[in-house]
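141 is the number that this note's numbering gives to position 99 of the sequence shown; each next residue is one higher, with no gaps.
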Amino acid sequence: MTNRKFLVIGAVLAALAGAALVLLYARGADARAESRYETVQVLRAIAPIEPGESIASAAQSGKLSLSGVQSDQVLPNSLNSIDTLGKQVALVKIYPGEQIVTDKFGGIEDVDVPTALPIPKGQLAISVNLTDTARVAGFVNPGSQVAVFVNSTDDDGKPQTRLLLDRVTVIGVGSTTPTTTTVTDETGQQTTEALPRTLMTLALDQKDAERVLFASTNGELAFGLLTPDSTVAPAKGVSADSLF
């Protein structure tokens, strides 16, 4: 009989302990839910902010908005005011909906604005103006490999054509503009015609860029379109003495 009383008392105590644990868990779950749905006021972009654009300019242009964000989704270093950024500018493009964080702002000298041209590392881009004939009748496009020839004069003032560079990458083709040229025949009659000229942009190192710019100023350039199997090598070139 005594053992049965102890069993009953133990069962009651266990039930009370279980109820207490359930109550504590429920209260903890409610607290966690409230914390999860608690919102914090954070600055967001509502329009694209370009690299180099100041935070002040973005604010004046109406590109920022203060909105509530769930506390568990607030990013580190997020802001609810632009005061701490001062005159800083966006280092990267910030898209609509992004939270404004200090990591994406800094001095204008730190802005990394990518160039529109795919210039290989260690090289630079220069542009030359060529006629349709000199650019292989329009078949030269960005990514093409070309040999660069120059029509000029030799030390005796005689005209010559020589290879200047054996293989160069074209990285851009610009706008075409017409230019007029006048030709005088053997009878002295002059004929004027308009020829389209197109800007061609090349990727070169400094030395070759200087050679191309000098040649384009003191002679006339022409491209030869290459394939991977094309064979081109430096030579003495062709003049009136060696043409035939």
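We put the CB at the ideal spot given by N, CA and C, even for glycine.
Among 285, 117 and 203, which residue has its Cα nearest to the Cα of residue 146?
Reading the sequence shown from its first residue, position 104 is the one you call residue 146. When each option's Cα is compared against that of residue 146, the closest is 117.
When you compare only the Cα positions, how much space is there between residue 87 and residue 265?
Working through the sequence shown from its first residue, we reach residue 87 at position 45. Working through the sequence shown from its first residue, we reach residue 265 at position 223. Their Cα atoms are separated by approximately 49 Å.
If you drop the 5 nearest sequence neighbours on each side, which residues of the same chain put their C-beta closer than 8 Å to that of residue 149?
Along the sequence shown, one-based indexing puts residue 149 at 107. 130 and 131.
Where do the N-terminal and C-terminal ends of the alpha helix (DSSP H) with residue 258 fall, by residue?
Counting from one through the sequence shown, the residue named residue 258 turns up at place 216. Here the alpha helix (DSSP H) through residue 258 covers 248-260.
Nearest to residue 134 by CA position, among 165, 119, 94 and 108, is which residue?
Within the sequence shown, residue 134 is the residue found at index 92, counting from 1. When only C-alpha atoms are compared, the closest one is 94.
Between the CA atoms of residue 249 and residue 166 - distance to the nearest angstrom:
Counted from its first residue, the sequence shown places residue 166 at position 124. Counted from its first residue, the sequence shown places residue 249 at position 207. For residue 166 and residue 249, the distance between alpha carbons rounds to 11 Å.
Simplified DSSP state of residue 178, which is helix, strand or coil:
Walking along the sequence shown from the start, residue 178 turns up at place 136. Residue 178: helix per DSSP, three-state reduction.
Bounding residues of the beta strand (DSSP E) (the contiguous stretch that carries residue 187)
Sequence index remark: in the sequence shown, residue 187 carries index 145 (1-based). Per DSSP, residue 187 belongs to the beta strand (DSSP E) from 187-195.
Could you work out which residue in 230, 275, 170 and 204 is closest to residue 284 when comparing CA atoms only?
Position 242 of the sequence shown holds residue 284. Just measuring C-alpha positions, the residue of 230, 275, 170 and 204 sitting nearest residue 284 is 204.
Taking only three categories from DSSP, how would you classify residue 198?
Taking the first residue of the sequence shown as position 1, residue 198 is located at position 156. Here residue 198 sits in coil by DSSP.
Note the first and the last residue of the continuous beta strand (DSSP E) segment covering residue 83.
Counted from its first residue, the sequence shown places residue 83 at position 41. It spans 81-87 - the beta strand (DSSP E) in which residue 83 sits, taken as one unbroken run.
Over the uninterrupted alpha helix (DSSP H) stretch that includes residue 168, give me the two end residues.
Residue mapping note: residue 168 aligns to position 126 of the sequence shown, counting from 1. Here residue 168 belongs to no alpha helix (DSSP H); instead the beta strand (DSSP E) covers 166-173.
Own chain, CB closer than 6 Å to residue 247, minus 5 neighbours either side, in chain order
The residue you call residue 247 lines up with position 205 of the sequence shown. Excluding positions up to five away in sequence, the list reads 165.
Environment of residue 191 [buried if 16+ CB atoms lie within 10 Å]:
In the sequence shown, residue 191 corresponds to position 149, counting from 1. Buried: at least 16 other Cβ atoms inside 10 Å.
Does the beta carbon of residue 128 come closer than 8 Å to any beta carbon on chain D?
In the structure shown, chain D does not exist; there is a single protein chain.
Can you round the beta-carbon distance between residue 81 and residue 112 to whole angstroms, since I take them to be within the 8 Å contact cut?
Numbered from 1 along the sequence shown, position 39 holds the residue referred to as residue 81. Numbered from 1 along the sequence shown, position 70 holds the residue referred to as residue 112. 6 Å between Cβ atoms; contact.
Take residue 275 and list the residues in its own chain whose beta-carbon comes closer than 7 Å to its own, dropping the five residues that flank it on each side.
In the sequence shown, the residue the question calls residue 275 occupies position 233. Around residue 275, the same chain offers 208 as residues with beta carbons nearer than 7 Å, after the five sequence neighbours per side are excluded.
In three-state terms, what does DSSP make of residue 213?
Translated into the one-based positions of the sequence shown, residue 213 becomes position 171. Here residue 213 sits in strand by DSSP.
Should residue 215 and residue 183 be called a contact, given that it needs their Cβ atoms to be closer than 8 Å?
The sequence position of residue 215 within the sequence shown is 173, counting from 1. The sequence position of residue 183 within the sequence shown is 141, counting from 1. Their beta carbons are under 8 Å apart, which means residue 215 touches residue 183 by this criterion.
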